[in-house]
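> Take the sequence shown: its letter number 17 is residue 76 in the working numbering, and every next letter is one higher. Using N, Cα and C, we set each Cβ at its ideal position, and we do this for glycine too.
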Amino acid sequence: MCNTCGCNITPGNEHLVQGDGRHAQTTDGKAAVEVLQGLLSENDHQAAHNREHLDHHGVLALNLMSSPGAGKTRLLEATIEALGPELRIAVIEGDLETENDAERIRAKGVPAIQIATGSACHLDAHLVHQALHRLDLSQIDLLFIENVGNLVCPASFDLGQHRNVILISVPEGDDKPAKYPVMFRAADLVLCSKSDLLPLMPEFDPERAERHLRALASTAPFESISARSHADLEPWLHWLRDELQAQRARLELGRTIRPNHQRDGEHRSGLTGMAAPGHHHHHHHHEPAHTHG
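1. Roughly how many angstroms separate the alpha carbons of alanine 161 and glycine 117, rounded to a whole number?
2. Within the same chain, show all residues whose beta-carbon is closer than 7 Å to that of serine 197, passing over the 5 residues directly before and after it, in chain order.
3. Among Ala246, Ile174 and Pro230, which residue has its Cα nearest to the Cα of glutamate 262?
4. Where does the unbroken beta strand (DSSP E) through methionine 356 begin, and where does it stop?
5. Determine whether the beta carbon atoms of leucine 218 and leucine 182 lie at a separation below 8 Å.
6. What does the alpha-carbon distance come out to for the pair valine 150 and lysine 235?
7. Quick check: what's the CA-CA separation for leucine 312 versus alanine 106?
8. Specify, as a first and last residue, the run of the alpha helix (DSSP H) that alanine 305 falls within.
9. Span of the alpha helix (DSSP H) holding arginine 165?
10. Compare the C-alpha of aspartate 154 against each of Ile148, Ser178 and Pro170 and name the closest.
11. Beta-carbon separation of leucine 256 and tryptophan 295 under 8 Å?
12. Does the region 122–129 come close enough to the region 205–217 to have 3 or more Cβ pairs within less than 8 Å?
13. Pull up the CB-CB distance for aspartate 233 and arginine 267, whole angstroms please, since I reckon it's below 8 Å.
14. What's the gap between the Cα of glycine 143 and the Cα of glutamine 304?
15. Using the C-alpha atoms, what's the distance from aspartate 291 back to isoleucine 139?
16. Who are arginine 226's beta bridge partners in DSSP?
17. Let's test the definition: count the other Cβ atoms within 10 Å of the Cβ of aspartate 114 and tell me whether it reaches 16, buried, or not, exposed.
18. In the DSSP assignment, find the alpha helix (DSSP H) that holds glutamine 189 and state where it starts and stops.
19. Can you give me the C-alpha to C-alpha distance between glutamine 189 and isoleucine 164, rounded to a whole angstrom?
20. For arginine 110, which residues of its own chain have a beta-carbon under 8 Å away from its beta-carbon, when the five flanking residues on both sides are left out?
21. Take the Cβ of alanine 276 as the centre, count every other Cβ of all protein chains shown within 10 Å, and call the residue buried at 16 or more, exposed below.
22. Pull up the distance between the alpha-carbon of leucine 135 and that of alanine 141, whole angstroms please.
23. Rounded C-beta distance between histidine 112 and leucine 194? I'm assuming under 8 Å.
24. Looking only at its chain, what residues have a beta carbon closer than 6 Å to the beta carbon of methionine 260, apart from the 5 residues adjacent to it on each side?
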């Protein structure tokens, strides 16, 4: 994560470092470190609340991460086409600017909330919290959070999701897990996207990409997919159905799950107990998101 470029400050958490914000005043000489640590702590607190709120409504939330252009939005479009008849889906879109991706999702008849991060190259839990206020979670089974295209910073910020899905596309090259270990160690599933291009790009070897992933001690499933064909999406669709079933089973036991998470050498994942149903830090008011045919 960038300690110097300012990407750790987003429109969602900037109130914490401005004016009389909780982290506006810091000890001389340690300001940058203290602000960063404070923001990460605040982010984790907000993420836990987001997850509790999603669990309360029975929603499974997935964080989609990749470099720009790996095919996240196209994958979502194809997923909505395949699963829309059986599952209620919503999407939170993260980009520096524009509503382009959200408009593509809305065109599929699914609610989509666009988050413009400005200069921040990742989403954080505060931004996602604001977006959750604009969704009627009681009408959602599956929530996709499409993070900003970036293979560095997003892995360090818990959003309150349950699983991390990372795309590596064929045109990018098969060495991405080796080059960006923090991101790929955080994966609960790695999708090799645009696999229909493999005949045109024999220099990309899916087995080599998976070997790079396994060298990080990752046990995340690795699947090759193409959004151009529903048949080529089957491993992904099967995984989604299994995860949703597992989420519902956890909720019946009063439990939740956190995704793999990587920060400064830390690696954690696993089940945790949930707060009693209805226990929230504050009350949420929802405005249903507008959908466009």
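With the structure as the only source:
1. 23 Å
2. His116
3. Pro230
4. Past the boundaries of the shown model lies residue 356; the chain is included only from 60 to 352, so the question cannot be answered.
5. yes
6. 26 Å
7. 21 Å
8. 293–311
9. 159–165
10. Ser178
11. no
12. yes
13. 5 Å
14. 16 Å
15. 15 Å
16. For the sequence presented, residue 226 should be read as leucine rather than arginine. DSSP, once it has assigned bridges, lists Leu250 as partnering leucine 226.
17. buried
18. 184–191
19. 19 Å
20. Ala120, Gly219, Gln220, His221, Thr315 and Arg317
21. exposed
22. 10 Å
23. Not confirmed; about 11 Å, so no contact.
24. Val229
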